[in-house]
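Numbering (our numbering), first residue to last: 8 to 323.
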């Protein structure tokens, strides 16, 4: 195996811009991320279609201006079957062949246990099935020319493959009652047709590695990418914990709080993410998925530290 082939695979997540200036900055970021050679770049999608057009614009930019696969996020929140089908077809018609299907979070102030915010689709597994169904209806078969018979056509029922990822939760989904339920949910997503999973962020390698061991023992066989987010400030850590419900990583929190400079905090976050990436790769992770926060410098520094980027050629 060559040194190039030995480098771990990786991918990135970005989110749609909220202004013209942010859009221009994001295209530059995507250019830098794409130049590193990721497996795909995923683009988040706001609940209730709040960023539908801007998400599609970013996906089109990735598809039209890079050689990287563009992955569209889709959620169950607020959509009827018809609306979700139209959106999926819109993405497919734009040339998108990779999706991340997630149930989506309840809006702020929602009553615990109330799932009315979901619309017609009540689980990521149902959304996975719908993506496959829309793809099947959109391209039911492919005609092929039969050599020697110019007027005849053969029919192939094999369609272009669609990559459908789903979320996995090493430390448990906030609404889960047990670890067993989390694994059962992942098995259901696999049965629905998912062929990839990306984990929510975690702070300790053992969280991911023990989860993988449980998932494999239960029969989950598709790749499960570890989702890693460089935490480069105390404010970012607090925001991440608020959104994810993860437990406070005490050592990292103390390091960030006592470091007085922004550059020092940034390096602490990079170093922590590098150690995390190295440990999960050593434990058998199939690659790394990095939450980029629409900036390229930090996540590329993490990949460099993990040995995932090409080594620059030596000067003669």
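Heads up, the beta-carbon is just placed ideally off N, CA and C, and yes, glycines get one too.
### Query
What residue range is occupied by the uninterrupted alpha helix (DSSP H) comprising residue 4?
Missing from the structure shown is residue 4; the chain here goes from 8 to 323 and no further.
### Task
For the beta strand (DSSP E) containing residue 133, list its first residue and its last residue.
Segment 131-145 is the alpha helix (DSSP H) holding residue 133; no beta strand (DSSP E) there.
### Task
Express the C-alpha separation of residue 246 and residue 20 in angstroms, rounding to a whole number.
17 Å
### Task
Taking residue 79 as the reference, give the member of 61, 297, 16 with the closest Cα.
61
### Task
Pick helix, strand or coil for residue 73, following the three-state DSSP scheme.
coil
### Message
Comparing C-alpha positions only, which one of 128, 232, 305, 31 sits nearest to residue 91?
### Response
128
### Query
When DSSP labels each residue in this structure, what does residue 298 get in the three-state scheme?
strand
### Message
Between 226, 202, 107, 278, which has its C-alpha nearest residue 236's C-alpha?
### Response
278
### Residues near residue 65 by beta carbon distance below 6 Å, same chain, minus five either side
23, 50
### Query
Which word fits residue 270, buried or exposed, when buried means at least 16 other C-beta atoms lie within 10 angstroms of its C-beta?
exposed
### Query
Straight-line CA distance for residue 70 to residue 259?
37 Å
### Message
Does residue 39 come out as helix, strand or coil in the three-state DSSP assignment?
### Response
helix
### Task
Pair every Cβ in the region 204-211 with every Cβ in the region 135-149, then say whether three or more of these pairs are closer than 8 Å.
no
### Message
With distance defined between alpha-carbon atoms, name the residue in 144, 169, 152 nearest to residue 107.
### Response
169
### Message
Let me confirm a value: residue 86 is counted as buried when at least 16 other C-beta atoms fall within 10 Å, else exposed. Which label applies?
### Response
buried
### Message
Contact defined as beta carbons within less than 8 Å: I believe residue 218 pairs with residue 177. What is the distance between those atoms, to the nearest angstrom?
### Response
4 Å
### Task
Can you tell me which of 94, 214, 226, 52 puts its alpha carbon nearest to the alpha carbon of residue 195?
226
### Task
Go to residue 18, then tell me how far its alpha helix (DSSP H) extends in each direction, as first and last residue.
Element bounds for residue 18: not the alpha helix (DSSP H) but the beta strand (DSSP E), 17-21.
### Rounded C-alpha distance that separates residue 32 from residue 46
22 Å
### Query
Quick one: Cα of residue 301 to Cα of residue 48, how far?
11 Å
### Query
For residue 171, which three-state DSSP category applies?
strand
### Message
Using the Cβ count rule (16 or more neighbours within 10 Å means buried), how would you classify residue 261?
### Response
exposed
### Message
What does the alpha-carbon distance come out to for the pair residue 89 and residue 99?
### Response
15 Å
### Query
CB-CB under 8 Å to residue 299, same chain, minus the five flanking residues each way: which ones, in chain order?
19, 20, 21, 36, 40, 305, 306
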